[in-house]
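A.B. asks: This structure is in structure tokens; I'll ask about it shortly.
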Amino acid sequence: MKYDFKAIESKWQKIWEEKQTFRAENDYTKPKYYALVEFPYPSGQGLHVGHPRPYTALDIVSRKRRLEGYNVLYPMGWDAFGLPTENYAMKNHIHPEIVTAQNVARFKQQIQSLGLSFDWSREINTTDPAYYKWTQWIFLQLFKHGLAYKSEMNVNWCTSCKVVLANEEVVNGVCERCGGEVVHKVKSQWMLKITEYAQRLIDDLEDVDYIDRVKVSQKNWIGRSTGAEVNFKTTAGDTLTVYTTRPDTLFGATYMVISPEHPMIREKADLIKNMDEITAYQEAAAKKSDFERSEIAKDKTGVEIQGIRAINPVNEKEIPIFISDYVLMSYGTGAIMAVPAHDTSDYDFAKAFNLPIIEVVAGGDIEKEAFTDCATGVMVNSGMLNGLSVEEAKKKIIAWLEENGIGHPKVNFKLRDWVFSRQRYWGEPIPIVHCEKCGFVPIPEEELPLMLPELESFEPTDDGQSPLSKLDSFVNTTCPCCGGPAKRETDTMPQWAGSSWYFLRYCDPNNVSALAAKEALDYWMPVDWYNGGMEHTTLHLLYSRFWHKFLYDIGVVSCKEPYAKRTSHGMILGENGEKMSKSRGNVVNPDDVVNEYGADTMRLYEMFIGDFEKAAPWKDTSLRGCKRFLDRVWNLQDIVCEGDTYSQKLESSIHKTIKKVSEDIENLKFNTAIAAMMALLNDIQDAGSLTKADYRTLLILLNPFAPHITEELYEQLGFGGMLNEQSWPSYDEAKCKAATVEIVLQVNGKIKAKAEIDANASKEEMALLAKENDKMKQAMEGKQIVKEIVVPGKLVNFVVR
RNA sequence: GCGAAGGUGGCGGAAUGGCAUACGCGCUAGCUUGAGGUGCUAGUGUCGGAUUCGAUGUGUGGGUUCAAAUCCCAUCCUUCGCACCA
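The first sequence maps to residues 5 to 805 in our numbering.
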């Protein structure tokens with residue numbers, strides 16, 4: 005009989021559905037395993053061949069865990085709020101809710117055709133009011149704890165989407181989504197104080213098992229630095245505070261630079277003699293987008309403030325103050341002391357403006373470039389610091405600054421608070437009203453969910469107001485606090501809101517009185533293994549860790565970190581090695597692959613394509629190789645014979661393969677796990693026959709990768725029961741070795757011969773064998789052995805002279 | 001500029017001090033099939049000798065070692081991330 009993958013796959017998918025085979029049990033006494041993949045945004049394009057790569061990988065892990073006896077939770081859902089759906093709805097005059105439902109239906113059908121073992125009884129959708137009720141609830145808790153606030157902010161504004169973007173959403177100066185120009189705009193925005201958690205978000209990375217590159221980029225993004233704040237008196241009689249990571253170089257500070265937005269300029273305007281010039285520079289800087297600012301990064305621009313000078317506290321010298329857009333108001337104090345001899349940007353600026361450069365750390369050549377090395381330099385021209393190392397000097401100067409009330413140690417972060425408002429329709433309404441008398445008031449929790457109202461048109465207004473602002477019946481309300489007239493917040497939450505806690509909802513998806521029962525959370529959390537894209541490292545991953553830590557602080561969850569382990573997959577590229585996209589014409593549709601080759605071949609190929617963590621180009625011909633492998637596994641039926649033990653010829657091969665496959669799955673080495681099973685198949689065909697026991701083990705090993713064909717063969721061979729109810733096979737380390745091994749015989753490190761020997765042969769036996777070998781004798785003719793190296797089971801090497 | 005990952009056959013990739021190229025694709029030859037994106041067998045890094053041989057070979061140049069794709073130093077290139085963060 006031929007391998008009819010279509011019939012087999014639909015048969016088993018139906019059986020699994022009827023039997024609820026992959027339903028996670030609410031039996032909290034069993035050992036649990038929570039495997040998670042990022043839930044997709046159900047776009048109009050349908051599933052991409054990139055989606056199944058991580059889904060299949062953790063499906064393999066989940067299926068293996070079930071065979072190992074765990075109660076496994078492997079859920080799926082839809083991150084369905086967002087701009088593309090809204091834009092599509094606007095263009096085609098369909099309600100986003102309808103578009104979302106259509107897209108979800110298509111995605112679900114496509115995902116189900118792959119035979120992934122998701123527990124569909126726990127499916128969630130972020131646009132479901134029963135779900136976003138709890139997104140809003142979390143927001144209210146953040147508000148009540150002072151972590152959500154509204155503030156006038158200089159924000160990133162996408163001119164094409166007409167929407168505010170978080171810093172994380174601005175990529176190369178343009179909008180991450182549409183590529184539109186991003187400019188700065190001052191707007192009143194809801195903000196979340198993620199910065200309050202900056203230190204913990206770094207510290208707690210110690211306790212989790214994330215791949216290194218994820219930890220590194222999170223740390224870089226949070227950007228912790230240590231240094232000092234130093235107060236400089238000015239000739240205007242006030243104080244300017246700067247932040248520096250190099251207080252040791254204070255004696256080399258020859259000028260000061262403040263940001264164009266620094267408040268001092270307004271405050272001391274009457275003392276500034278060149279105000280026109282300053283204002284012109286400020287205006288030019290304000291107009292520039294971040295992209296333009298960084299494009300011209302190499303050429304330093306600025307204006308000296310005439311009329312006010314700063315006084316260096318260590319030597320009482322007056323130094324000039326400049327404004328320049330290379331100093332950002334949003335970091336540190338918006339003012340720096342410039343030490344051109346030991347900072348690259350200051351060096352460039354000093355060269356451009358012909359300012360003095362004083363060396364205070366010896367060891368470099370400041371004629372040529374700034375000397376920034378902290379490890380080797382020795383302090384010079386620095387009064388009391390002379391002769392000290394940089395590290396010693398830092399300590400000493402900070403102590404001196406503190407003693408004299410001039411400064412103190414300070415930690416700074418690059419991380420900014422999270423801009424949380426979007427002027428859009430298709431998102432969670434922010435559950436706050438504004439009352440003239442009471443200010444911002446949260447709506448009572450029992451009124452949640454605050455439903456997204458029906459609208460005629462989803463267009464944002466030209467002045468950047470949310471579409472909801474056009475609906476008076478929504479906007480006008482009464483204050484929950486005083487009962488007077490009040491207006492609702494009309495901005496909605498960003499797409500990242502719903503995905504910041506979704507892993508908690510899976511634990512108890514239908515709970516109406518809490519985001520999930522405490523008992524369920526305590527049992528399932530933390531997620532044991534979370535796999536997702538590297539592109540989410542600084543957005544979703546950081547945001548969700550922040551929310552989780554907050555929920556931990558208020559007692560909702562019992563673990564500090566949401567994910568015990570995080571891994572990441574590489575992208576699947578087009579056949580030409582470029583990113584798959586419609587415009588490049590290299591898109592592969594997963595439906596076509598499933599139709600032509602079957603889900604099992606598709607799954608196998610997605611895992612065999614290369615190193616899971618690296619990008620790999622799609623190749624149709626290699627797909628055929630995987631189909632061939634399954635055909636050959638199917639055809640083993642022709643040579644199988646009775647027998648409930650492993651056949652002698654294959655025993656060590658089978659033990660070796662169990663070990664290899666078991667270990668490789670845990671280490672993301674799916675490609676070599678498959679290669680090992682292919683090698684076993686080659687061994688079986690060399691042997692000419694196999695027992696049922698041999699076959700059975702091969703089927704169980706292959707089951708997580710190709711669940712349909714293995715389940716079918718298991719039934720046809722009459723083993724009884726379903727394969728997914730069996731146990732993962734174990735191996736015997738001793739039996740992984742063959743009885744005899746081939747060893748290599750070398751003279752001076754060059755291979756001269758090979759020989760069979762008992763696998764447990766002693767070093768002496770091996771050396772003797774080598775000495776008696778004709779080719780070895782020939783190679784050593786007339787020479788003296790000066791050293792014998794014997795590696796058991798591997799090689800013998802004689803060093804001769 | 002800073003940070004991370006990487007550079008191995010015609011291709012995807014194995015090998016983390018001990019037989020370089022496992023496994024798969026492709027290709028060559030033979031058999032099979034006889035309307036095929038079929039099946040089987042043998043071969044397939046390079047150069048030279050042509051049966052069972054010799055040399056050479058993991059970006060480049062040095063080094064450590066009996067032994068290096070693997071460890072160390074230098075250098076070039078590719079990809080990704082961050083980018084005036086004081």
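Idealized CB from N, CA, C, for every residue including glycine.
1) Short check: CB of Trp572 to CB of Met538, under 9 Å?
2) Using 10 angstroms around the beta-carbon of Asp690, count the other beta-carbons present and answer buried if the total reaches 16, otherwise exposed.
3) Could you please give me the residues that DSSP links to Leu443 through a beta bridge?
4) Quick check: the Cα distance between Thr376 and Gly183, rounded to an integer number of angstroms?
5) Could you pull out every residue in the same chain whose Cβ sits closer than 7 Å to the Cβ of Arg751, ignoring the five residues on either side in sequence?
6) By the three-class DSSP mapping on this structure, what secondary structure does Tyr32 have?
7) Buried or exposed: which applies to Met5, given that a residue is buried once 16 or more other Cβ atoms fall within 10 Å of its Cβ?
8) What are the partner residues of His412, as DSSP defines its beta bridges?
9) Tell me which residue opens and which closes the alpha helix (DSSP H) that Gly629 is part of.
10) Using C-beta distances below 7 Å, list every residue in its chain close to Val343, excluding the 5 sequence neighbours before and after it, in chain order.
11) Cα-Cα, which of Met333, Glu440, Asn707, Arg69 is closest to Thr482?
12) Going by the CB atoms, is the gap between Ala61 and Phe616 shorter than 9 Å?
13) With a Cβ-Cβ cutoff of 9 Å, do Tyr601 and Pro79 count as a contact?
14) Just tell me which of Tyr718, Arg420, Val65, Ile19 has its CA closest to the CA of Leu40.
15) Would you tell me roughly how many angstroms separate the C-alpha atoms of Val394 and Val382, rounded to the nearest one?
16) With distances taken from CA atoms, which of Val234, Ala232, Leu205, Glu233 is nearest Val220?
17) Alpha carbon to alpha carbon, how far is Ser504 from Leu151? Give it in angstroms, no decimals.
18) If we require 3 or more residues per run, which beta strand (DSSP E) segments fall completely within the segment 716-796?
19) Three-state secondary structure (DSSP) at Leu146?
20) Restricting to Cα atoms, I'd like to know which of Ile370, Gly502, Asp624 is closest to Glu432.
21) Classify Ser656: buried if its beta carbon has 16 or more other beta carbons within 10 angstroms, exposed otherwise.
22) For Leu196 versus Phe550, is the C-beta spacing smaller than 9 Å?
23) Please determine, among Asp303, Glu101, Tyr259, the residue with the shortest C-alpha to C-alpha distance to Ile312.
24) Let's see if you can read the secondary structure: which residues bound the alpha helix (DSSP H) around Gly502?
25) Quick one: grab the DSSP three-state call for Val246.
26) With a cut-off of 8 Å, do at least 3 Cβ pairs link the segment 583-592 to the segment 65-77?
27) Please classify Thr89: does DSSP put it in a helix, a strand, or coil?
28) Looking at the structure shown, is Ser14 part of a helix, part of a strand, or coil, going by DSSP?
29) Whose C-beta lies closer than 7 Å to the C-beta of Lys166 among residues of the same chain, with five residues either side of it excluded?
30) What does Cys645 pair with, by DSSP beta-bridge criteria?
31) Under a three-way DSSP split, which group does Thr305 fall into?
32) Check this for me: beta carbons of Val423 and Met157, under 9 Å apart or not?
33) Using alpha carbons as the reference points, say which of Ala379, Leu799, Gly391, Lys564 lies closest to Ile747.
34) Which residue's Cα is closest to the Cα of Asp526: Pro489, Glu565, Thr542, Asn535?
35) Ile309 and Val246: beta carbons closer than 9 Å?
36) Buried or exposed for Cys179, going by 16 or more other Cβ atoms inside 10 Å?
C.D. replies: Considering the structure as presented:
1) Along the first sequence, one-based indexing puts residue 572 at 568. Along the first sequence, one-based indexing puts residue 538 at 534. According to the sequence displayed, residue 572 carries Ser and not Trp. Yes, these two residues count as a Cβ contact at 9 Å.
2) Translated into positions along the first sequence, residue 690 becomes position 686. Exposed.
3) Translated into the one-based positions of the first sequence, residue 443 becomes position 439. Contrary to the premise, residue 443 reads as Gly rather than Leu in this sequence. Its beta-bridge partners are Cys439.
4) Within the first sequence, the letter at position 372 stands for residue 376. Within the first sequence, the letter at position 179 stands for residue 183. Whole-angstrom Cα-Cα distance: 37 Å.
5) Position 747 of the first sequence, counting from 1, holds the residue named residue 751. In the sequence as presented, Arg is not what sits at residue 751; that position holds Val. Contacts found: Met780, Ala783, Met784, Phe802, Val804.
6) As a first step, residue 32 must be located in the first sequence, where it is residue number 28. Of the three classes helix, strand and coil, the one that applies to Tyr32 here is coil, per DSSP.
7) One-based indexing of the first sequence puts residue 5 at position 1. Its Cβ having fewer than 16 others within 10 Å, Met5 is exposed.
8) Walking along the first sequence from the start, residue 412 turns up at place 408. Answer is Glu233.
9) Indexing the first sequence from 1 puts residue 629 at position 625. First-last of the alpha helix (DSSP H) with Gly629: 624-639.
10) On the first sequence, residue 343 is found 339 positions in, with the first residue counted as 1. So the list reads Arg250, Thr253, Gly256, Ala257, Asp350, once near-sequence residues are dropped.
11) Residue mapping note: residue 482 aligns to position 478 of the first sequence, counting from 1. Nearest C-alpha to Thr482: Glu440.
12) Mapped onto the first sequence, residue 616 falls at position 612. Mapped onto the first sequence, residue 61 falls at position 57. Yes, Cβ-Cβ distance for Phe616 and Ala61 is below 9 Å.
13) Reading the first sequence from its first residue, position 597 is the one you call residue 601. Reading the first sequence from its first residue, position 75 is the one you call residue 79. Not a contact, by the Cβ cut-off of 9 Å.
14) For this step, residue 40 is matched to residue 36 along the first sequence. Answer by Cα proximity: Val65.
15) Counting from one through the first sequence, the residue named residue 394 turns up at place 390. Counting from one through the first sequence, the residue named residue 382 turns up at place 378. Taking the straight line joining both Cα atoms gives about 6 Å.
16) Along the first sequence, read from residue 1 onward, the residue named residue 220 stands at position 216. That would be Leu205, whose Cα lies nearest to the Cα of Val220.
17) One-based indexing of the first sequence puts residue 151 at position 147. One-based indexing of the first sequence puts residue 504 at position 500. Roughly 15 Å between the two C-alpha positions.
18) 744-751, 754-762, 789-795
19) Looking up residue 146 in the first sequence gives position 142. The answer is helix: DSSP assigns Leu146 an H, G or I state.
20) Taking the first sequence and counting its residues from 1, one reaches residue 432 at position 428. Checking every option, the nearest Cα to that of Glu432 belongs to Gly502.
21) If you number the first sequence from 1, residue 656 lands on position 652. Per the 10 Å Cβ criterion, buried.
22) Taking the first sequence and counting its residues from 1, the one referred to as residue 196 is at position 192. Taking the first sequence and counting its residues from 1, the one referred to as residue 550 is at position 546. A contact, by the Cβ cut-off of 9 Å.
23) Taking the first residue of the first sequence as position 1, residue 312 is located at position 308. Minimum Cα distance to Ile312 is reached at Tyr259.
24) Indexing the first sequence from 1 puts residue 502 at position 498. That run of the alpha helix (DSSP H) goes 500-503.
25) Looking up residue 246 in the first sequence gives position 242. DSSP places Val246 in strand when its eight states are reduced to three.
26) no
27) Your numbering for residue 89 matches position 85 in the first sequence. Looking at Thr89 - three-state DSSP - the assignment turns out to be helix.
28) Along the first sequence, one-based indexing puts residue 14 at 10. Three-state result, Ser14: helix.
29) Translated into the one-based positions of the first sequence, residue 166 becomes position 162. Excluding residues within five positions, the ones whose Cβ falls inside 7 Å are Gln427, Pro464, Gly468.
30) Within the first sequence, numbered from 1, the residue matching residue 645 stands at position 641. According to DSSP, Cys645 bridges with Thr695.
31) Reading the first sequence from its first residue, position 301 is the one you call residue 305. Here Thr305 sits in coil by DSSP.
32) Taking the first residue of the first sequence as position 1, residue 423 is located at position 419. Taking the first residue of the first sequence as position 1, residue 157 is located at position 153. A contact, by the Cβ cut-off of 9 Å.
33) As a position in the first sequence, residue 747 is number 743, starting the count at 1. Nearest C-alpha to Ile747: Leu799.
34) Indexing the first sequence from 1 puts residue 526 at position 522. The shortest C-alpha separation from Asp526 is found at Glu565.
35) Working through the first sequence from its first residue, we reach residue 309 at position 305. Working through the first sequence from its first residue, we reach residue 246 at position 242. Result no, Cβ atoms of Ile309 and Val246 do not sit closer than 9 Å.
36) Counting from 1 along the first sequence, the entry for residue 179 is found at position 175. The residue is buried, with at least 16 neighbouring Cβ atoms inside 10 Å.
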